[in-house]
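Take a look at the structure set out below.
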């Protein structure tokens, strides 16, 4: 899912297996990422460019595309974090060239 930093959904791609409230998820994700950026400043970092939450069955990976957009991926434990990070980096590179 691609959202803006205000929590507005730009586009979603879903396998259709589970029904999720993507609009609520986007708003909460933007707020969560905003809070993490504020925490980064408190500890002396300019930003944290990615955020990862691990659950028992589902995980969420957030990554900043640029100053305006955030890419969110929800995935299960069948996908390794290393593989996901590699693919997300590729997608972000492609998105950056389109969005900048």
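Residue numbers (the numbering used here): 85 to 184.
Just so it is clear, CB atoms sit at the ideal spot from N, CA and C, and this is done for glycine as well.
Whether residue i touches residue j by CB criterion (8 Å)
i           : j           : result
residue 153 : residue 88  : yes
residue 149 : residue 155 : yes
residue 146 : residue 173 : no
residue 159 : residue 143 : yes
residue 141 : residue 157 : no
Residue(s) in a DSSP beta bridge with residue i
i           : result
residue 142 : 160
residue 148 : 154
residue 87  : 93 and 154
Three-state secondary structure (DSSP) of residue i
i           : result
residue 95  : strand
residue 132 : coil
Among the options, nearest to residue i - alpha-carbon criterion
i           : options               : result
residue 151 : 116, 131, 98 and 111  : 131
residue 90  : 178, 134, 101 and 107 : 107
Separation of residue j from residue i, as counted between CA atoms
i           : j           : result
residue 189 : residue 115 : No answer is possible for residue 189: the residues shown for the chain start at 85 and end at 184.
residue 96  : residue 104 : 11 Å
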